[in-house]
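Working notes, structure below.
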Amino acid sequence: MSRLGGLKVAYRERVLLSWLGPSRQERLMAFESERKAGKQFPEADSERMVTEEEPIGVTTHRVDAGDETLHDIPWRRDLIKVLNDALATELVCVLRYKRHCFVADGLARPAIAEEFLGYANEELIHADQLARRIVQLGGKPDFSPTSLVERSRAAYDDSLDLKAMVRADLIAEGAVIDGYCRILTLIGDTDLTTRRLVEDILIDEMEHAEELRNLKTE
Ligand SMILES: [Fe+2]
């Protein structure tokens, strides 16, 4: 790795850890050490997280053994499902921030409206990246509007005042960050391309949360 590449990795890891905060950072590190020790993670289970450590471990073994039925094995379908739920989450976030943008503009708060628009645009980029990765994995990105809210980890919000909107956005970003941390735990080192993508998105989401905390709505 070049010196510049090494510096980028070090900066990226430093930013990731600093944004995680003490409790999340400790939890992520504990997950990582326990995962390496072969422990299962019941905490990682949720209604929207179907991937488990066992199928990923089975996959690793089968790939190492030269199994040619990679497209049929369970973890790929599970990972596609998890990424599709993340895609739904990003799309709901786009809609929520778009609405907040136009409402804030109507309340004569153009600076805050611009912040919301920036978040909406970044969530849309995340959605595109997730959809592209789903296709690369052999899956179909699910943009169905009828099930978006059901599959999303983050909620839509129709508040009318800025404080309530920012609060809803902070809650949503917390849910999004938690979801991506869980996906990272589930992926482990099995799929480094997806892992890198999720880490990059996670850093953006942590920046959103920090900026929202600092947003003045008085
Ligand atoms: Fe975000």
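Going by the numbering used here, the letters in the sequence shown line up with residues 118 to 335, in that order.
Yeah, the Cβ is synthetic: ideal placement off N, Cα and C, and Gly gets one too.
Local Cβ density within 10 Å of residue i, reported as buried at 16 or more and exposed below that
i	result
ILE242	exposed
GLY223	exposed
GLY296	buried
ARG249	exposed
SER269	buried
LEU277	exposed
THR263	exposed
THR310	exposed
ASP308	buried
Within 7 angstroms, strictly: CB atoms of residue i and residue j
i	j	result
ILE294	VAL199	no
TYR273	ARG193	no
ARG312	ILE304	yes
ASP286	LEU329	yes
VAL209	LEU265	yes
Spatial neighbours of residue i in its chain, beta-carbon cut-off 6 angstroms, leaving aside the 5 residues before and after
i	result
LYS215	ALA237
CYS229	According to the sequence shown, residue 229 is Ile rather than Cys. Here the set comprises ALA221.
LEU247	LEU200, ALA203, LEU204
LEU319	TYR297
Contact test: residue i Cβ vs ligand 1 heavy atom, cutoff 6 angstroms
i	result
HIS217	no
GLU322	yes
GLU207	no
GLU86	Outside the shown range of the chain (118 to 335) lies residue 86, about which nothing can therefore be said.
GLU290	yes
Nonlocal neighbours in the same chain, by C-beta distance under 8 angstroms from residue i, ignoring five residues either side
i	result
LEU234	TYR214, LYS215, CYS218
VAL252	PRO258
ASP306	ARG312
PHE260	LEU204, LEU208, ALA248
Contacting residues, own chain, Cβ-Cβ under 7 angstroms from residue i (five flanking each side not counted)
i	result
LEU254	ARG193, LEU196, ILE197
ALA292	ARG270, ALA271
GLU207	GLU240, HIS243, ALA244, LEU247
GLU290	GLU322, HIS325, ALA326, LEU329
LEU332	ILE229, GLU232, VAL283
GLU160	Because GLU160 sits at a pLDDT of 38, beneath the cut-off of 50, its placement in the model cannot be relied upon, and the point is left open.
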